[in-house]
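Numbering (this note's numbering), first residue to last: 370 to 675. By construction, the Cβ of each residue, glycine as well, lies at the ideal position given by its N, Cα and C atoms. Right, one structure below, let's go through it.
This is the structure:
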């Protein structure tokens, strides 16, 4: 059993920002990550042409702005390099391959108990802390909606997290489902690689939705029309899984893993529970959350001791 002042769940940008902010306040912590690397969504589960979608001045993490020579809309490879330098600068050393199965506040002890499975050893490990920070982000679990007949589809069917580039899709009929940032960029990349690309969006303006999939390649829409596709790429976002392991919290996070309190007071719960990066304000929001959390924890330690 390992004891520390703060446990951070997640080593994405939100977790790194929190770790650095705690370091600047000389507060000890442990950071736990399910995957085998930091920022796994960017590093392992994103497409090659990915860029930051807002100017870089809104995307840096606490205490380390981008150099003046940085492109305004940073490419993925440059952002990963920045995050690696950030982790090295603040000596952030996550515990990788730990899958959190339960986190619960022990009232008699006044501490959080986190149980995580070491995926390499298959063993359960327990950590204790006075404060717990949920930094798993808004993109924890890829979400693919259930479509009638999708198990019969004979072509490639994937979530956007599995797509790397349009190379290999040349001349194929590809259906992109969803028109958020990922959907639009993936559709563009497919077009640039000579794929026959179609885009379906659920909205009042573009009302066509998928009704079912029939046979190997037939996609039937709710307007009754049917088209054939070789591949379907779901750019349908993510869901949070916090509700599966966070026990006893009825104040901070809802069943979808998003804050119940309204912004800007969304980051602080009860019994030393906090969240970072769940304000729907991207990296800028995670930056502010991390600093607020570190300041509040520092204040609590000053008032009541560690």
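Per DSSP, residue 622 lies in no alpha helix (DSSP H) segment and is marked neither H nor E. Taking 3 residues as the minimum length, the beta strand (DSSP E) runs contained wholly in the stretch 550–598 are 565–569, 579–583, 587–590 and 595–597, in order along the chain. Under the DSSP assignment, residue 492 falls in the beta strand (DSSP E) whose first and last residues are 492–503. Annotation for residue 447: the continuous alpha helix (DSSP H) segment containing it runs 445–458. Contact annotation, residue 380 with residue 656: C-beta distance approximately 16 angstroms; criterion of less than 8 angstroms not satisfied. Here the alpha carbons of residue 482 and residue 475 stand approximately 7 angstroms from one another. Apart from the 5 residues on each side of it in sequence, residue 566 sits with its Cβ closer than 7 angstroms to the Cβ of 543, 545, 556, 559 and 560 in its chain, given in chain order. Under the 10 Å beta carbon count, residue 408 is surrounded by 16 or more other beta carbons and is classified as buried. In the three-state scheme derived from DSSP, where H, G and I count as helix and E and B as strand, residue 662 is classed as helix. The straight-line gap separating the alpha-carbon atoms of residue 537 and residue 411 is approximately 22 angstroms. Exclusion of the five residues before and after residue 535 leaves 558, 559, 561, 562 and 564 as the residues of its chain whose Cβ lies within less than 7 angstroms of its Cβ. Put simply, the stretch 598–616 touches the stretch 511–521. At least three CB pairs are less than 8 angstroms apart. For the pair residue 646 and residue 383, the CB atoms are nearer than the 7 angstroms cut-off. Remark: three or more beta-carbon pairs, one from each stretch, lie closer than 8 angstroms, so the stretch 417–424 and the stretch 442–459 are flagged as touching.
Taking residue 378 as reference, the option from 593, 532 and 484 with the minimal CA-CA separation is 484.
Taken through DSSP and simplified to helix, strand or coil, residue 374 comes out as strand.
Residues 542, 586 and 587 of the same chain have their beta carbon placed closer than 7 angstroms to that of residue 597, with the five preceding and five following residues left out of the count. Here the alpha carbons of residue 432 and residue 456 stand approximately 12 angstroms from one another.
Under the three-state reduction of DSSP output, residue 471 falls in the strand class. When the five nearest sequence neighbours on each side are left out, no beta carbon in the same chain lies closer than 6 angstroms to the beta carbon of residue 670.
Taking C-alpha positions only, residue 507 is separated from residue 665 by approximately 22 angstroms. Residue 434 and residue 626 have their C-alpha atoms some 29 angstroms from each other. A distance below 8 angstroms between beta-carbons, with the five flanking residues on each side excluded, links residue 449 to the following residues of its chain, in chain order: 408, 411 and 412. Three or more Cβ pairs closer than 8 angstroms define a contact, and the stretch 399–407 meets that threshold against the stretch 458–467. The beta carbons of residue 581 and residue 518 sit about 5 angstroms from each other, so the pair counts as a contact at 8 angstroms. Boundaries for residue 486: no alpha helix (DSSP H) harbours it, while the beta strand (DSSP E) harbouring it runs 480–487, taken from the DSSP string.
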